[in-house]
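Undergrad: This structure is in structure tokens; I'll ask about it shortly.
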Amino acid sequence: MSLFSAPLREWNHNKIIRLTNAGFSDNTIASAINDDLKGREIPVEVSLTGSDITSYKTIAGLAGDYSLISESKMRALCDVPEPGFSPG
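Residues 10 to 97 (my numbering) make up the sequence shown, in order.
This is the structure:
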């Protein structure tokens, strides 16, 4: 992941929300993204669908409001500490 990943995610999220607020359906947004990526010759492994956009907005919305999963639940599930975490 690059240094620009987090700001780029936020910028792209804002673009999707702008399109949503302008009245575009999730299917239309996915199609516009796919067309634009193809037009800029950016190789992507998958084509986005309207369902992808709907799911992305749902998860991004929750992630902006809450920690989606607690650190204690993460440890219970995978017994791997958070990156940068050093036990006291």
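The beta carbon of each residue, even a glycine, is placed where N, CA and C say it ideally should be. Keep in mind it's a predicted model, so treat the numbers as computed, not measured.
1. Could you check what DSSP says for aspartate 88 in three-state terms: helix, strand or coil?
2. What is the DSSP secondary structure of serine 40, counted as helix, strand or coil?
3. Between alanine 39 and leucine 57, how many whole angstroms is the CB-CB distance? I'm expecting something under 8 Å.
4. Ends of the alpha helix (DSSP H) at alanine 15?
5. Taking the alpha carbon of glycine 36 as the reference point, which residue from Ser64, Lys47, Ser81 and Ala69 has its own alpha carbon closest?
TA: With the given structure in hand:
1. coil
2. helix
3. 4 Å
4. 14-30
5. At residue 36 the sequence reads asparagine, which differs from the glycine that was named. It is Ser64 whose Cα lies nearest to the Cα of asparagine 36.
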